[in-house]
Each structure stands twice: as structure tokens, then as C-alpha cells.
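In what follows, a single structure is set out as C-alpha cells and then discussed.
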Amino acid sequence: MDRRKFIKAGCISCVSVSLLSTLVQSCKSVKYVSGNMEANGISVSLKDFETKNGQRPYVIVQHPDMQYPICVYNTGNNNYSALLMRCTHQGAELQVSGDQLTCPAHGSAFDKYGKVLQSPAAENLRTFPVSVAEQSLLIDLRKKS
Ligand code: FES
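In our numbering, the protein residues as written are 19 to 163.
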């Protein structure tokens with residue numbers, strides 16, 4: 019193998035390892051939880067936000083009765099933001115990436131409060147009121163917050 023091929027093969031290997039590591043870390047940090055459907059909404063345990071080293075920034079709540087999951091961000095000081103993970107452009111399911119939700123269909127992006135950061139979406143995400151009761155959160159599905 020000549021020098022040029024050796025360097026090229028080495029670079030491809032390094033990039034591959036780096037990408038794989040990033041993918042594994044991002045998958046590892048996402049927490050999916052099954053909420054409990056109640057009369058006024060869906061509840062999740064506050065323990066779902068706990069990690070060995072602190073608090074998760076968000077969890078994704080799923081339930082068979084919901085077409086789209088809800089991303090619940092811990093915004094600090096016992097406050098939470100619950101966002102329907104449905105893009106307001108054409109309805110694709112959003113993906114969470116740190117403090118943003120992004121749309122794989124056409125690239126719209128939203129912040130952790132549901133505000134549009136990047137078009138083509140023009141409307142903010144649907145949000146829900148969240149109340150904290152003892153060791154759980156209730157996401158009120160009856161109305162927008
Ligand atoms: S459906 Fe999300 S940007 Fe088009």
C-alpha cells in the first residue's frame with residue numbers, strides 16, 4: 019500500500035469511528051417513556067428524568083392512544099415544556115437533537131418551547147400545560163398551554 023492510500027484509509031477509519039461514537043452517545047441519552055393515560059391527560063414519573071449523574075434535559079413520552087409522541091423538556095426550577103412532536107409544516111414526526119426539535123422531511127427546526135427557529139414551518143409547535151404533583155408530571159391534553 020502506498021503512502022497516499024494508507025493515509026486515505028486511516029482518515030476513513032477515524033471518521034467512521036467518530037461518527038459511530040456520536041450515534042451511540044446520542045441514542046444512549048434519549049429516554050422514551052410510556053405515559054399513563056388519565057382523565058385529563060397523560061402522566062409520567064419525575065424519576066424518568068433522573069440519571070446516575072443528574073437530570074436528563076428531556077424525555078419522550080409515548081402512548082398507543084397518541085399518534086405523535088410528546089417531548090417534555092426540563093426547563094429548570096421545576097418547570098417543564100411539553101411539545102407535540104408533529105411538524106407544523108406538513109405533519110412529519112420530529113426528531114430531538116439537544117435543545118432543538120428538527121424535521122427530517124424539509125428541515126424545519128423548533129426550540130425547546132416550540133418556537134419556530136427554521137422554516138419552512140411557519141407556526142410554532144402545539145404545546146400542553148404541565149403540572150407537577152408529588153412524584154409525577156401531568157401533561158394536560160385537553161388544551162394548549
Ligand atoms: S414536514 Fe416538517 S419541514 Fe416539512
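Each residue gets a CB set at the ideal place from its N, CA and C atoms; glycine is no exception. If you're wondering where the values come from, they're calculated on a predicted model, not measured in any experiment.
Check each residue's C-beta against every heavy atom of the ligand FES and list, in chain order, those closer than 7 Å.
Cys105, His107, Gln108, Gly109, Ala110, Cys121, Ala123, His124, Gly125, Ser126, Pro138 and Ala139
Secondary structure of Leu64, DSSP reduced to three states:
helix
Thinking C-beta only, is Tyr86 closer than 8 Å to Arg74?
no
Please report the distance separating the alpha-carbon of Leu64 from that of Ala139.
32 Å
Taking Cβ positions, are Cys121 and Leu112 nearer each other than 8 Å?
Cβ atoms of Cys121 and Leu112: closer than 8 Å.
What are the residues that DSSP puts in a beta bridge with Ala100?
Val90 and Phe146
Using DSSP with H/G/I as helix, E/B as strand and the rest coil, what is Val79?
In this structure, Val79 counts as strand in the three-state DSSP scheme.
Rounded C-alpha distance that separates Ala100 from Leu156:
10 Å
Measuring only the C-alpha atoms, how far is Thr106 from Asp129?
Each residue's CA atom was taken as its position, placing Thr106 and Asp129 some 13 Å apart.
Does DSSP classify Ser52 as helix, strand or coil?
strand
Any idea which residues DSSP pairs Asp158 with across the strands?
BP columns for Asp158 point to Gly59.
Mind checking which residues open and close the beta strand (DSSP E) that includes Ser115?
Counting along the chain, Ser115 sits inside the beta strand (DSSP E) bounded by residues Gln113 to Ser115.
Counted within 10 angstroms of its Cβ, other Cβ atoms place Tyr50 as buried (16 or more) or exposed
exposed
Are there 16 or more other CB atoms within 10 angstroms of the CB of Val150, so buried, or fewer, so exposed?
exposed
Nearest-angstrom Cα separation, counted from Lys70 out to Tyr98:
So the alpha carbons of these two residues sit roughly 20 Å apart.
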